[in-house]
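Numbering (this note's numbering), first residue to last: 134 to 347.
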């Protein structure tokens, strides 16, 4: 009897152990599945957060750059200078019996008819001067002026070279003309001498003939 009871208790304990072991395995599997699911969800959340951060960084960077460009454009585009001029006028009108007096100040007329009147007025004029300093346009103008200056310098150098060439040609022509003139003068002198000798020879010949006839 005791043996049967012991066997029954053993079977019951074994059955309970199997049930507990099975339930523990089921719980462990479910816990592992939930853990992996949570880990996967956490990984996706982290990735999405990182993407969102990168997107925000890019947008913020672009926004800041655009604002900086706009600020620089505004700062470098216009600079204003205000000048204020204030004019103060103070005076009085003394009454004279039976006479009406008036004074006009800045478009306002003050009239006195038998009473003393004192007046004081102040006029302020503000003028604003705007100086536009567009750096890009100034840079472009400077570049164009440099290009123009270089072009003019090139033309000046070319003109200098042409001037030197023209001067050398003029000197060459002067030298050639001087040589030709000297040669012509020499030839003319030679012919004059020859003609003179011929004339003298003819005169001597005639003179000799006259002497023979005498």
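Ideal Cβ placement from N, Cα and C applies to all residues, glycine included.
Let me know the secondary structure DSSP gives residue 143 once reduced to three states.
Looking up residue 143 in the chain shown gives position 10. Residue confidence for residue 143 is low, a pLDDT of 49 falling below 50, so the modelled location carries little weight; the figure read from the coordinates is stated next. DSSP places residue 143 in helix when its eight states are reduced to three.
In whole angstroms, what is the alpha-carbon distance linking residue 276 and residue 286?
Reading the chain shown from its first residue, position 143 is the one you call residue 276. Reading the chain shown from its first residue, position 153 is the one you call residue 286. C-alpha separation (whole angstroms): 15 Å.
For chain C, is any of its Cβ atoms less than 9 Å away from the one on residue 330?
Within the model displayed, chain C is absent; a lone protein chain is all it includes.
Would you tell me roughly how many angstroms separate the C-alpha atoms of residue 297 and residue 306, rounded to the nearest one?
Position 164 of the chain shown, counted from the start, is the residue given in the question as residue 297. Position 173 of the chain shown, counted from the start, is the residue given in the question as residue 306. Rounded to whole angstroms, residue 297 to residue 306 spans 14 Å at the Cα level.
Could you check the C-alpha separation between residue 302 and residue 294 for me, to the nearest Å?
By 1-based counting over the chain shown, the position of residue 302 is 169. By 1-based counting over the chain shown, the position of residue 294 is 161. Residue 302 and residue 294: Cα-Cα distance of roughly 12 Å.
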